[in-house]
Structure formats: structure tokens, C-alpha cells
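Just so you know, the protein sequences line up as chains F, W, V and R, in that order.
Taking the working numbering, the leading residue of the first sequence gets 1, the next gets one more, and so forth.
Taking the working numbering, the leading residue of the second sequence gets 298, the next gets one more, and so forth.
Taking the working numbering, the leading residue of the third sequence gets 858, the next gets one more, and so forth.
Taking the working numbering, the leading residue of the fourth sequence gets 1025, the next gets one more, and so forth.
Read the structure below first, then the notes.
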Amino acid sequence: MVWLNTLYGVLNACFILLVGPLIDGVERRIRARLQNRRGPSILQTWYDLVKLFRKRAARTGVPLTLFRLSVYTGFAYLLIVSLFIPSILCGGMGFFGDLILFIYLLSSSKVFVLIGGYSSGNPYASIGSTREVSLSMASELVLAEIIALIALSRNSLLLNSVFPVTAVLRPSVLIGLGILGIITYIEHSRLPFEIGEAEPELAGGYTIEYAGRDLGFILWSNTIRRALLTTFLIDLIIPLDVFYHLVIYPVLLFSIMIVFTAIETACGRLRIDISLKHVKKLSYVMWGVILLALIGY
Amino acid sequence: MRPRNKCELMTNLRRFGEPRLRGKYLFISRIKSGRLKDLVDYLHWRLGGYYSTSIGVDERPLDGYFHVYHVFVLEKYGVYVLVDLPANPGHPVVESITPIVPAANWAEREIMDFIGIKFRAHPEPHRLILPDDWPDNVYPLRKDFPYDEKLPTSDKIAKLVRESPSDTWIAEDSEDHTAIPVGPYHPALHEPEYFELFVEGEKIVDARYKGFMVHRGIEKIAESRLTYNQVPFIAERICGICGFTHSTAYCQAVEEAARIDVPERAEYIRSILLEIERIHSHFLWMGVAFHLLGYDTGFMIMWRLRESIMDLAEKLTGSRKMYGANIVGGIRDKWDIKEEKVALINDTLGKIREEYLKYVPKIISMEEIKKRTRGVGILSRSDARKYSVLGPHARASGINTDVRRYRPYAAYKYVDVEIPVEDDGDIYARIIIRHEEIIASIDLIHRLLDNIPRTHLHADTDYIPERRYGIGCTEAPRGEDLHFVITGKDNKLYRWRPRAPTYNNLLSVPTMLRGEHLADAPIIIASIDPCFSCTDHIVVVDLRSGRRRPLRTGGLVGGR
Amino acid sequence: MNRIKVLLENLRKGVVTEQYPFRPLRVPERLRGKPVIDPDKCAGCGACVNVCPPNALTMRDDKHSSMRFIVLFIGRCIYCGKCEETCPFGAIRLTKEFELAAESREDLYQVVGLRLYHCPMCGEPFTTVRLIKRIVEALPEEQRAAAIICPRCRESVTAHYRSYARR
Amino acid sequence: MTLLQYVFLLPIIFLSVSTVLTFYIRGRTASIISSILSLAACLSMLFLSINVLLYSRTYRYDFICWPFPSHTMSNFAVFRINIDTLSAYFIFIIGLIGAVATIYGLKYINKYSAEHMGFFSLNYSLFILSMYMTVIVSDLFWFIVFWELMTLSSQFLVSFEKEKKRAIWAGYKYFTVTKIGSEFIIIGSLIAVFVLNNFNTSFRSISINAAEPLGFITVLLMFMGLAVKAAVVPFHTWLPDAHPEAPSHVSALLSGVMIKVPIYMMIRLFYEFTVPGLVWGIMVSTVGVATLTVGAMYALKQTDSKRLLAYSSIEHIGYVVLGLGTSLLLVSLKNYLLAGVALIACLYHLINHALFKSALFLTAGSVEYATGLRDLNRLGGLAKYMPYTALAALIASLSISGIPPFNGFAGKWLVYCSTFLAGGLLLVYGVLALFISSVTSANFIKYFTGIFTRNISRINASVIREVPYSMSLSQLVLCILCIVFGVFPLVPLSLILPVLGVEAPHIYDVVSRSVSINIGYIGIGSFAHFYPLVIAVILSTFLPLIYVVAVRGRGSRYELWTCGSLVEKRRLLYPARSYYKDFEEVFGEIYSVGDYLYKMIVGIIPRKVCVAFKRFVGLADDPVIMYMVMLIIIVIALLVVGV
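This is the structure in C-alpha cells:
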């Protein structure tokens, strides 16, 4: 049984690894169509990544192994998450872990990438990382509230017993899921919240000093992170069932991503202070939702 | 008490020196000693005129002196005031006017670099345009400096940032702040320039600017090698966005100097092409602005619309951007706008207008756009006057100025031009100004096309007299383009100085940047619609080897 | 809401980009593209060389091989069309070609070589054979003799005749 | 009586000898002698504590100092020592951190001149001794004696650098504030002993009924007194001044150990002297949450390395106190399972914090030793010169940030589990704790990257070299323990569970069944669990794998990309103060609440009293001191009226 679950986990991880860049390719196509462009092939992100993987990495006056290693550590953390989150198969590494671990592993991978960004010493990278850290601190607050809501509704922190949270249909859960959707969107670092690597002012932000393979891995892990966050959202919605996961899950995954892309295409970039304020407002709303949950709705 | 007419003005000006009125030009020479500052103060701050630019001329072969002309524009009296300051060739020093009019800062430094006239009491007498490893006492725009001179290579690698503070405003501990280099290669800037922003957190504490990285020495080539009718094509290549307005301004300057009457039809065609250029430029700017605000869909939309304008231009002139229509005295024959083209223009513009109005009002009502532009990058009216900013940039700060209306040229004499003015002085105001100008320009073209007369296309220009002064002004999309010419022998110019509006507008950028958020820096810089290739109009320094390649005419091709 | 309207408007409009390098691009009739010299028509008068603002057109006489070369360097050309306008024989014209990327710098040159015409009196080359032919064809019979000698010789001959006449 | 039973005397003997010797010997010799003796003492403490914890022994001794005829009076003449598992747990921490800090101090102390070394050594031994004594005595009277001795000796250590005005001031402030704090304990104890317990000072015989008013006041006074020493909000203001000023290994002891001693007493207070009550649960957990929020948010603003660490100590004490409060609250609600988890969380996080915070203080000390700087705005790029210190700082930073599978995560995880699953008010606290945890990681990203990475700095890098081995190794030892405690939760849990067995017998059964403690697995019944070991194993397989696939090959080297312009590298440094400006602005309510409280406190006190105290205390700029002095007066007045 353990081995079967491990196998499930590995297969899920492979699925996420492969489908992450593919989703990005689809998104690029959709975005292009919304902007009256033809757009690249949906495999374009994969082509880009393969091209980057073939290139030599660059070190920019940074003697630290850490500068490069942090990228891969961040990547490895995402791999761990993908091993135990049910995605295409409804099972994983025996669900070794709970909600909090999931959040921590995801944010740890980001912490490593940002440590890498800071260690380059480039002011652009520092500012970009600072923005990322600030925004993820703020959204962590909302995430924590959502976890609290889930724990409250399901009286458990175990992933396999909280999925799907929709089994408890309360108004608070529904609003909470909506807010989780927004937070997922923000954590995807999409416009208007794509401020860590804001190309016009920061020229790539925390990724600025990376090149070649390292950059490839950063881009890859960004797509994986997006896929994982969305997977988590879907897992909370659909039943933990073979059919649902094999059929409904991919459909939902792609459609959520497409909706997100459409929203992204319609937005400009916000400033860090404004976006932090938005997230803060969201946390206030979420307090209300928790209150609602506490009084039994 | 402001003088009511030119006569009174002349009387008043006698207090300062000897005014001479020649057509539109009011020369003030022999300034009484110590009265220069009063004169400048009177012209710029009290008479309601504004400082336009300064020109240094090596007139030693003509009258034995170097000359500095400060050009002030008195829109009310319809004259250009040229404050003539001769400088002794042995000891070329004149008094600086920068302390009174900060806008004169760069122009005076440029003269110091190129002609070698020193300005007494200039607040920051450092090099502006010439690279740091340029030898001292070599002044490229003097007449004894051959245009194809090759200087010996220098071992010193040019430093892009000078150590000396460029501005007294810099906080004392600016060393402690993080320097964010923006440029010369930065994705937000599409041309080579260099801003150094000092930040505390993400707040910009101070900013420095270093430009003129691609100075191309166009003036020297034009004065040395080109004939009158070759220059328009080079002038057009000063800029890749508003090239036509440069060639028009040049042609007008020569036409002024030689007193050539341009046929009306040519004037109409010039105006039409100028307006097409303006629309194209504003579309481009809006696209860039949306891109810098992170709204790439808006960028794509604007540039798609711009594409149709470019196609129209291509159908009319054979080129998307380099119209190549101007010659001294009018328009080239093949560039005539015939009946079927009139229809074509009307049709295309109608469609563009319709589509444009479908999009842009919606886009500029978006929350992100509003939040990031309202109250951001404010330039107050007094600061705008201080730096003599021009064009939409000035109009967004509440200064009602437009060459097309107040000093009409080409066909603007025959039609009414609508000029939007906003008072807020922020980026949003600049967007609104340009938005309204696009619509006004489309309407203007329709009107111009309705009235286009049937005359010749160009006047006879066989003889152009020597040592005549001419100023050609056009309202470029970014503001007033000013070309100053002195005619010379052998079908060649004696002196030509183009001054692009960005030259004045850029000086105001550090003021706007201070206290703003780093994320807004690109849009603030872009909000003046800077055109650095216009501004940086000799040498290309290879930074790695520190070797300098003297520029040959081949390098002129290109632009933005 | 507005932003969604913008997107819907965009969707209605559809794709506008073209798959340019894979499909040819249509260009307007009047496009000022790459100038080409028709070597059959060019007489090597050098009018275009005189008007060319960026010196893209240059002229070189090689006495050794007795040839005149009109060199057009596309790398400098600004496509103003002045040469086309000036050329008395319609030999140079602007084509609609705009894809000018080349693998080597040499590909950007067009060289027209014309045989030089040597003055029958002094033997110095002063123009091309083709130009002299065209001039001679265009002139009336009685003026042809004067046209075929170089300006300097013509000057000395004229001076000679004059002095002869005065005498 | 076997010889083993007298092991507890060893530390006392070693440290007393050291104290006496250093009274006569001066200079470096003194420091070496005292270090060796302190080390021996600490090792014997470790031995003792492990002995007690693993075999659940209890040592109890009553020394009759003076035979009084009357039974009442003889109570005061007995010197009672009681080493149970709870004491042993704290002895373990004192021994462990004390040993590492002493080894570190051997070389580190050479930074200072030899002149006052005797004085320093004396106080150092006395400090460790008094902490040890504080946790082993089982008598309120002697507890207060050693408590005061601990304050006194550590005060001299804080203001050891006499030439620095700030150090003197910090020591003064520290002493004044904590002394006032201990007055609360004294008053509380007096009431407890004389009024409530019939002149009994022995821990075993004290029982306070917190339900009646006087009992309530007693517990409140004692809790407040302990809270001052534990630097719990709003009594935390002395800590950020005091801890950074001490020599770094002393800072490690202060932050790693000393502020834990009041927690020891709190556990005794709430679980032994009284019965856990709902009010106390709410109060303690609220104070805990306030502490962790304020600590982390103020740490975000710091640019001095040790000051940042000091604020983060406040934050982590907050986690510990939150755990304690949660357990109190849940016990009173009869939710023994989660109460046990919360108490485990409290103790688990306590030892974790001792480990990583000491390690961090030691790394900050190494940096100061090598560069003389603590300013994060100017430091940078030290990893190249000080690789071991950098490694230690990285591991400790990751631990404190709660990156799984390091130990910080395991401790915090237990806090979250107990609060999230408990629901109600605790849910809100849990949310705040989880949010603050991300602020912690932001803090330590700043700490680590500010000092060690980014290869540009405003200091002269040519003279910097790695610290001596004794120093770098002692940092690394702590880091290894951080990893071990994270990956094998069994190790700390096997130390903690005996503690629960003694202190809360009624929750032990539930906890030991529901908190599974297999090696590499930690979980609460069917509610939550995770396998740190599996994560560590997967991580350690992935990393070499990815390394082989991707990192191999050195890559080409370029200069820093500065948009193609030449800017001096020095000027590109993004100083630590700039890091989270915007976040601080947007989430600035916490700071403004602090300011508001400050104004309110000052507003309460009449102006004339302020002026009087200014003369009297000389520290009127610190409202907390005045606030507390006022409180004492009010309490005394109330007592007088009441009695």
C-alpha cells in the first residue's frame, strides 16, 4: 500500500512537472488571442525551457554556491509538494503531511529562490525579492485565515480528510473558497500583482542575474508552483475520487488557468503599496468569514 | 506694466541694450554691462515669454567674434528675442543666465563643450555632451575643426557618471542611498540614456541624469558637407518618431532666412503629414505608457492602431516613418496628395477614430491606470516655467502654449487648432492631453483635406543669400521643435542647430521623480515622451576598450 | 467592467498579426525600397552621387583598368529617392524590396562599371564611353566635335581659336 | 544513596570554585580557569538532566540550615532542592547552551582587554550558577534569592563594556526593569507565603486558590513579575537594549536560556501552585500572541544584527507563552489532548529557540569578532570569507524561519495544530502565529542575506577571515542539533514527555497515546501529522540528483548587471533598512498601536509624578518603567487598604 501510494505520488509529480510549462504555453496562446495576436505554439514554454537547459549557467561575481543552489533547493521543495498533493491520480505519498506543511513547503521554495535573488547583490534583484517577500507575507495572513477556516469546518488539518472542503456546504466555506481563489491568483504572481519581476521597472527582478539552466529552473518552478496552487484549490472543490481526478481535474485545471489568464490580460500592474493594501483588505474580509464560521454558518 | 505692442516693447528693451527688429526676430545686442540678468529676468519671468534655447556660433570668419544667442519666445508679440552675446576669441567668456533661468543649464554647457565659450557663474560647469576622455581645448563645432578629424585614441575609459553632484538638490548622504542605475540598457527605456535613482526603500530620494550617449554630430556634417537640399533628409533622421517635424522646422528656418514663399498646397501637405505624424507618435507613446503601467493589452491595442497610421503613411509617402517629402521651398512632386489619396486618408482616419474611441476612454478609466497616474509625477506650473518645458508636458501643467496656434506655420495659419490644457500637472493629465490631441488631430486633418488648394508644390530656391538668420519652429508631438540656421556660402549652411523639445523637458524629470515610488519611475520618465535620439543629436565610445570610433556619415542612418 | 469590454472588443476583432517570415508581406505601391541601378541605362554621369545625402552612392575612376565605377552601398542608403529623382536616364530606381539582411557586407554593394572615355587630344579619361555616345547622339551635328574632347582641352582649344580670331 | 545522587552537587561545586578563584585571579588566566570550570559544570548538568529525564528520577534534598525550635520558623531555614523532570528539562537547556557558549567564549572573549577579565569570569560563573540554582531550588524564599542573584550577575555581564555608554545604560535599564519586576514576585510570594499558605515556602506545600480575590492578585503579581523577566509584551522594552550589548556568548545565554527560566516558573505557577483556569489561559495566550506579533514586527525594522535577534527572541518567547496559554486554556476546557499538544509545543519550541537563537547570536558575535560591525546596512558578502559561520547562520536562519524539516517548523507546527484545531479565540491566535511566522522568515532572509551574501558591502573585505575553530564549531554543533531535533522529533519529545508525566499527570495519558512519536514522525491522533524524516530523505535524494543533472559545470562568470552603466559596486548595496519599507507602512497598525499605548500610559501618569520619577529613577524616558513603578505603588496601596 505504501509503495502504491508512493507510485501515485511519483506519477502525480511527473504530471505536474510536465503540465506546468504546458499550461503556460496555453496561457500564452490565450493571452495572444485576447490581444489580437496569433501567439506562439502551445509547446513554446517547453521549447524555451529546453533551450535554456542547454545553455551554460552564468555566475555574476557571486562566488556563492548558494546563489545557484537555492534555485534547485526551491525546485526540490516544490517536487516534495507535488509528491503528496493529489492531482491527476487521487492519491499521493500516503498523504504524509497536512495543510500547514503544504503552505510551508510552498513558501519555503519561494524563500530559497528569494535568498538566491538577494545573494546576487543586484539592487534590482533585491528590490524584486523585497516586493515578493512583502506580498507573500501579506498573502500568508490570508492563507492562514483560510487554513483556519478549513480546520474549523473539517476539524482536521490532514489533507486527505479536508479534501474536499465542499463536503461541508456553509456560506463561510464558499466565500472562503472564493477568497482562496483570489489568493491563489495573487500567489501565482499574475498581473496586477506580478510585481516581483516587473519587467518595465525591475527588468526581471529577482531573476535578473540568473541565466541558462538556472533561469530555466526558476521559470519551470514558477509554472509548477502555479499548477500546485491551482491543484490545491481544485482538490478542495472536487471529491477525492478516481473519476473526478482523472477527468474533471485536468479540465478544471486548464479552465481555471485560462480564466486567470483572461483576468491577467485585462489588468495593469499595481504598485507594491497598493497591492499590499488590497491584500490587507482581503484579510479583513476573511476575518469576517471566520467569524461567520465560528458562529456556525 | 506689460508693454502693449512691439513698439512699446522695443522702448522698454532699450533699458538693457540695443534692440533691432528684423521681421520676426528681435536682436538685442550690446547688452549694458551688468544688465544681462535683469534682461533675462524681464523676458522670461515678467513678460510672459519663455526661454527656448541658446545657440553658440563661431562667427570669427565673419566678424571676428564668437556669439551666443539666447532665444526667448514672446508668443504674445509674435517675436523671437535673440539676446546676442559676443565673446572675445582670445578669451571667450560670457555671463551665465542659468541662475535666473534654470532651463538654460544644458544649452550653455553644450556651448561650453562645442564652441569653448565659458559661462561665468554657471552652477555646474561640467561637460555635458562630449565624453570624459575627449581632450581639453578641442571644440568640435568651431570652424577650424574639420568634420572628418580623427582624434588619437585615448587609454582612459570613459566614465558615464561624473563624481561631482549634478544638482545642488542632492541629499548630503546620497552616498548612503542605494543607487539604482536605470540605463543605458534598461527595458523601460527604449533608447540609451542614464538615470541614476537614489532610493530609500522604494522611495526615490534623488535622481541624476546623464544623457548624450549617442551624440551623432549631425550639425557638423550638415555645416561641412551637405547642401541645403540634402539637409532635410538628414534632419528627418534626427528622430525616428517625429522626423518630419524636424525636416519641416529646418526647411522653414531656411525659408525664413532666404525669404522664400512656400506655395499654399505644400503648406497644407506639410500640415497633413505633420498631423499624421503626431497621431502616430501619440499612439506610440500611449502604447509605451500602458506597457510601463503593466497593461500590455493596452500596449498591443495602441500599437495595432498605430500600425494603420503607419500603413497610411506608407501609402502616402512610400515609407512608414521617413516621409522624405520636404525640400527647401516646399514639397517634392511625387509627394502630392491627389484626390484618391484624400479619400484614402479620410476613410482610414475615420476608421481609426472610431476604433480608438472604442478603446481608450475605457482603458484610461481603469483602476490601475488611474491609481498609478493620478497625483504621480507632478510638475507644478512654476516648475514647468522654471525648466521652460514644452508641448503636451507644459500643457498638462496648465501652460497654454502651442506653436501651431500662437506662432502659426504651414497650413495652421488657415485653420483653427484645438488645444487641450490641463491643470493637474500629473501623469494622468499628460495622458488626457495626448488623448484629446489625437482626436483633435484627426479632426484637423479632415478639415485640412477639405480646404487643400491647387497650387504649385515648391518654390524656386536657386539663390539663398549669405549670412541670413532663420528660426524654424514646429509643434512636434512632444513640444516645440526649434531649428536655428545661419546661411552660408557655396549652397551650404553656416550654422544649423536643431533643438528638440525633449532637450528642455528632460531637465524637469529629476524634479518629478523625487519622492515618488521606484515602480513609477519608468512611467514618470516616459510621461514627458522623451526622445533621446532627438536630444542627443559625435563620437561613439566603445566602453570596453575605451576606443573611440569617429563617426562617419554612414552612422547617420537609423534613429529611434 | 470597462476592461472586459476592451477584451471583448479585441475578441471581436480577431487576429491581426501576420505570419510574416513564413508568408510574404504585401507592401504598398509607392514603397521606397532598395535602390537598384540598371547597368544598361546608367551612363555614369554622377548626378546621383552629387545629390545623395548620406554618400551611399560614390564614384571612382580607375585609370589602370580604364573603368569608372558607380558604387551603391545599401548599408548607408536612407531611401530618400533623391537619386531616382535626379537620374537623367532613369537608370536608378527604388524597388519595392525591403528585406535587405545580407550574409556579408559585400552583398550590400552594387557596382556598375563603365568604360572610361579618353580625351582624343590629351588622352586623359574624363567621362564614360556611354555618356559620350548619348551626348553625341543628342547633339546636333555641328556641335559634336566639341563635345568629344575633355573640358580642359576644350578650354585650350577655345582659347586657341579665340586668340586665332583676335589675331 | 549512590554516588549518582550527588551529581547535582557537581555544577554547584565547579561554579562556586570558579567564582571564588576568579575573585582572586585576574586577567586571561581567570577567564580560562572559569571557562574550564563552567564547561565542566555544564557537562555535569547535561549528565544530570539526561539521567533524570530518561529514568524519570526525582532528587529531593532538604538541608536544615538552622534548627529552629518552632515549626513555623524552621520553614525558612530549610534549603530545599528538588530536581524533578521539569527542572531537569531546564537544566538540560542551561547545560547544553552553557557548554557551547563557554567553548565559544574561550576565544571570543579575547576581543576584549584582559583588564576586567576577572570580574567578567566571576559574573559569568555566578550567572550560570544562579540560573542552575533557580531551577533546582524548591523553595520560594531561595528561589527569590537566586532569581535576584541571576539578575545582578547578568546585569554586570550586560554592561561589561564599560567604555560604551550604551552598554552601561542598557545594563542599568535592564537591572531597573527586571528588579522592579521581581518586586512583583516578592510581593506575590509574600502574600502567598504569609497570607495564603501559613508560612510555608516549600513549593510542594504552596497552593493558591486563584478564584478568590487575594489569590487572584497573588497569581497576577507573580505572573507579571515573571513576564517582565521573560520580556513578554508590554514588559519587553529592556530586552532589545540589554541583549545586544552583552558579549555575544552571553547574549546567547541571555536569549537562549535566561528568558526561559521565567517560563519554568510560570509552568510551576500555573500547573503546580494553582489549577489552570480559563481566565489565565486567555490572558497568557493573549499576552503570548501580542508578544510574538510585536516582537516580529519590530524585528522587521531592525538593522543592527543583534538587536534584530533580540526582537526575534521576544517573538519566540511569544510562541512559547502562547503554547503555555493555549494549554492552560484547553485544560480548563477539558480538552486534554490538545492541551498536551500545546504544552509539548511550548516546551519543544523553548528548546528549539534555545538552539537556534544561541546559534544565531554566536554567528552575529563571530561577524562582530571578524569585522567589528553589527550594522546590516553596511555588511555584506561575508560568506566568501567566513564559510562555516555562514553555513551555521544559514541553517539557524532556516530553522528559525520554520523551513521544514528543520526544528523550528516542528515546534511551530505543534503550536498551530493545537490552536487551529482548538477553534474559537485560539483559532484567531493561530492565524496570527502563522502569519508572524512568515514575517520571521522575512526577518531572517534579511539577517542572512544582509550579512553573508551579495558580495558587495561598504566594508574593507581584505582583512576579514574566518573565526577560530572553537567558535565556528560551537556554532555548527548547535546547527546540527537544530537539524537532528527537526528531523527526529523523538529526540526532544523523549525529553519532554517525562516532563509532562510529572507536571500534568492527568493529561499525560491522553498525550502519550495521541501524539505519536515514532522516529521521524510526528502527529496528533487522526487530526494532523507529518513525517519530517521523509521530507529530509526526499530532499537529500533530490538535491544531489538535481546537482548532478543541473548545477554541475561552473558556468561562465560575468560582472553584476547594472544596465550597462558603470556604477561603483559599493553604491549598489541595498541596505537592510530599505528591505520591507512598504510592508511596514501598510501593516503599520502594530507600530501605531505601540505608539498609542505609549501615549496612553504616559497620559495616565500625572505630569508631576513623571517629573518626580525622573529625579528618582533617572530613566523617565522609558514609560514602561514608570508604568510599573506606578503599578507597584497602586498594588501596595490596594493591599494596605485591603488588609
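Heads up, the beta-carbon is just placed ideally off N, CA and C, and yes, glycines get one too.
| query | Under a three-way DSSP split, which group does alanine 1644(R) fall into? | reply | Taking the fourth sequence and counting its residues from 1, one reaches residue 1644(R) at position 620. Only weak support exists for where alanine 1644(R) lies, its pLDDT of 44 falling under 50; the value from the coordinates is given anyway. Note: alanine 1644(R) maps to coil in three-state DSSP.
* **Exposure of histidine 1017(V), with buried meaning 16 or more beta-carbon neighbours within 10 Å** => By 1-based counting over the third sequence, the position of residue 1017(V) is 160. That one is exposed.
Under three-state DSSP, which class holds leucine 973(V)? For the purposes of this step, residue 973(V) is taken as the residue at position 116 of the third sequence. DSSP, read as helix, strand or coil, puts leucine 973(V) in strand.
- For the segment 1279-1287 of chain R against the segment 1370-1388 of chain R, are there 3 or more C-beta pairs whose distance is under 8 Å? Flag = yes, the segment 1279-1287 of chain R and the segment 1370-1388 of chain R touch.
Any C-beta of chain V under 8 Å from that of leucine 754(W):
To locate residue 754(W), count along the second sequence from 1; it is residue 457. Answer no: the Cβ-Cβ gap between leucine 754(W) and chain V never drops below 8 Å.
From the DSSP secondary-structure annotation, give me the bridge partner or partners of serine 1226(R). As a working note, residue 1226(R) is residue 202 in the fourth sequence. Beta-bridge pairing links serine 1226(R) to Asp1163(R).
Compare the C-beta of asparagine 222(F) against all C-beta atoms of chain A and say whether one is closer than 8 Å. The structure shown has no chain A; the protein chains it does contain are F, W, V and R.
- [ ] Determine which residues share a DSSP beta bridge with tyrosine 766(W) and list them.
- [x] Against the second sequence, residue 766(W) aligns to sequence position 469. Per DSSP, Ile783(W).
* Where DSSP assigns a beta bridge to glycine 680(W), which residues make up the other side? -> Looking up residue 680(W) in the second sequence gives position 383. According to the sequence as given, residue 680(W) is aspartate; it is not glycine. By DSSP's assignment, aspartate 680(W) forms no beta bridge with any residue.
Original post:
Are the CB atoms of alanine 1255(R) and isoleucine 1209(R) nearer to each other than 8 Å?
Top reply: Your numbering for residue 1255(R) matches position 231 in the fourth sequence. Your numbering for residue 1209(R) matches position 185 in the fourth sequence. Contact flag unset, no.
Determine which residues share a DSSP beta bridge with methionine 809(W) and list them. Residue numbering aside, residue 809(W) sits at position 512 when the second sequence is read from its first letter. Methionine 809(W) is not bridged to any residue.
Check: Taking 8 Å as the CB-CB cut-off, is tyrosine 322(W) touching chain V?
Finding: Here residue 322(W) is taken as the residue at index 25 of the second sequence, counted from 1. Not a single C-beta of chain V is nearer than 8 Å to the C-beta of tyrosine 322(W).
Which residues in the same chain as alanine 1216(R) place their Cβ atom closer than 8 Å to its Cβ, once the five residues preceding and following it in sequence are excluded? Reading the fourth sequence from its first residue, position 192 is the one you call residue 1216(R). Hits under 8 Å: Leu1164, Ile1230, Ile1232, Thr1242, Met1246 and Phe1297.
**Study point:** Beta carbon of leucine 192(F) nearer than 8 Å to that of glutamate 665(W)
**Key:** To locate residue 192(F), count along the first sequence from 1; it is residue 192. To locate residue 665(W), count along the second sequence from 1; it is residue 368. It is proline, not leucine, that sits at residue 192(F) in the sequence shown. Taking 8 Å as the Cβ cut-off, proline 192(F) and glutamate 665(W) qualify as a contacting pair.
Run through chain V and tell me which residues come within less than 7 Å of arginine 601(W), C-beta to C-beta.
Residue numbering aside, residue 601(W) sits at position 304 when the second sequence is read from its first letter. Val873, listed in chain order.
8 Å Cβ shell around asparagine 877(W) - same chain, five flanking residues per side excluded
Because chain W spans 298 through 857 in this model, residue 877(W) falls outside it and cannot be assessed.
Name, in chain order, the residues that DSSP records as bridge partners for histidine 588(W). Taking the second sequence and counting its residues from 1, one reaches residue 588(W) at position 291. Note: histidine 588(W) sits in no beta bridge, so no partner.
With 16 other CB atoms within 10 Å as the buried threshold, where does valine 782(W) fall?
On the second sequence, position 485 is the one that residue 782(W) refers to. It is buried - the Cβ of valine 782(W) has at least 16 other Cβ atoms within 10 Å.
* To do: Compare the C-alpha of leucine 1293(R) against each of Ile1127(R), Leu1357(R) and Ser1162(R) and name the closest.
  => Taking the fourth sequence and counting its residues from 1, one reaches residue 1293(R) at position 269. With distances taken between Cα atoms, leucine 1293(R) lies closest to Ser1162(R).
Count the other CB atoms within 10 Å of the CB of cysteine 979(V); is the residue buried (16 or more) or exposed (fewer)? Your numbering for residue 979(V) matches position 122 in the third sequence. Under this definition cysteine 979(V) is an exposed residue.
_Quick check on proline 192(F): does DSSP put it in helix, strand or coil?_
As a position in the first sequence, residue 192(F) is number 192, starting the count at 1. When secondary structure is reduced to three states using DSSP, proline 192(F) falls in the coil class, being assigned neither helix nor strand.
Does the separation of the CB atoms of isoleucine 272(F) and aspartate 1328(R) fall below 8 Å? Here residue 272(F) refers to the residue found at position 272 of the first sequence. Here residue 1328(R) refers to the residue found at position 304 of the fourth sequence. No, the pair does not count as a contact, with Cβ atoms beyond the cut-off.
key: Close beta carbons around proline 1264(R), own chain, < 7 Å, minus the five adjacent residues each side   = In the fourth sequence, the residue the question calls residue 1264(R) occupies position 240. Within the same chain, proline 1264(R) has close Cβ partners Arg1331, Ala1334 and Tyr1335.
**OP:** Can you say whether leucine 868(V) is buried or exposed, counting buried as having 16 or more other CB atoms within 10 angstroms of its CB?
**Re:** On the third sequence, residue 868(V) is found 11 positions in, with the first residue counted as 1. With fewer than 16 Cβ atoms within 10 Å of its Cβ, leucine 868(V) is classed as exposed.
Review point. Cβ of leucine 34(F) less than 8 Å from any chain V Cβ?
Key: Numbered from 1 along the first sequence, position 34 holds the residue referred to as residue 34(F). For leucine 34(F), the answer is yes, since a Cβ of chain V falls inside 8 Å of its Cβ.
Q. According to DSSP, is aspartate 1619(R) helix, strand or coil?
A. Numbered from 1 along the fourth sequence, position 595 holds the residue referred to as residue 1619(R). Residue state, collapsed to three classes: helix.
Give me the DSSP bridge partner(s) of serine 326(W). Here residue 326(W) refers to the residue found at position 29 when the second sequence is read from its first residue. Serine 326(W) pairs with Glu315(W).
Quiz item: If serine 1498(R) sits next to isoleucine 1127(R), beta carbons under 8 Å apart, how far is it from one beta carbon to the other, in whole angstroms?
Solution: As a working note, residue 1498(R) is residue 474 in the fourth sequence. As a working note, residue 1127(R) is residue 103 in the fourth sequence. About 5 Å; that satisfies the 8 Å criterion.
Exercise. Under a Cβ-count criterion, where at least 16 other Cβ atoms within 10 Å of its own Cβ denotes burial, should tryptophan 1585(R) be classed as buried or exposed?
Worked result: Counted from its first residue, the fourth sequence places residue 1585(R) at position 561. Here tryptophan 1585(R) is buried. Its C-beta has 16 or more other C-beta atoms within 10 Å.
*Compile a chain-ordered list of the residues in the segment 795-820 of chain W whose CB is closer than 9 Å to at least one CB of chain R.*
Taken in chain order, the members of the segment 795-820 of chain W whose beta-carbon sits within less than 9 Å of a beta-carbon on chain R are His814.
TODO: With a threshold of 16 other CB atoms inside 10 Å of the CB of glutamate 145(F), please say whether the residue is buried or exposed.
DONE: Taking the first residue of the first sequence as position 1, residue 145(F) is located at position 145. By the 10 Å Cβ count, glutamate 145(F) comes out buried.
Item to complete: Count the other CB atoms, across all protein chains shown, that sit within 10 Å of the CB of lysine 1131(R); report buried if there are 16 or more and exposed otherwise.
Response: Position 107 of the fourth sequence, counting from 1, holds the residue named residue 1131(R). Label assigned to lysine 1131(R): buried.
query: proline 795(W) bridges to which residues according to DSSP?
result: Here residue 795(W) is taken as the residue at index 498 of the second sequence, counted from 1. In the DSSP assignment, the residues bridged to proline 795(W) are His780(W).
Q) Do glycine 480(W) and proline 489(W) have their C-beta atoms within less than 8 Å of each other? A) Translated into the one-based positions of the second sequence, residue 480(W) becomes position 183. Translated into the one-based positions of the second sequence, residue 489(W) becomes position 192. Annotated as proximal: glycine 480(W) and proline 489(W), with beta-carbon spacing under 8 Å.
inquiry  = Which residues does DSSP list as the beta-bridge partners of glutamate 772(W)?
reply    = Here residue 772(W) refers to the residue found at position 475 of the second sequence. The beta-bridge partner set that DSSP reports for glutamate 772(W) consists of Glu777(W).
I'd like the list of long-range same chain contacts for lysine 440(W), defined as Cβ closer than 8 Å, with 5 residues on each side in sequence excluded.
As a working mapping, residue 440(W) is identified with position 143 in the second sequence. In chain order, Asp355, Arg357 and Pro358 place their CB closer than 8 Å to the CB of lysine 440(W), counting only its own chain and leaving out the 5 sequence neighbours on each side.
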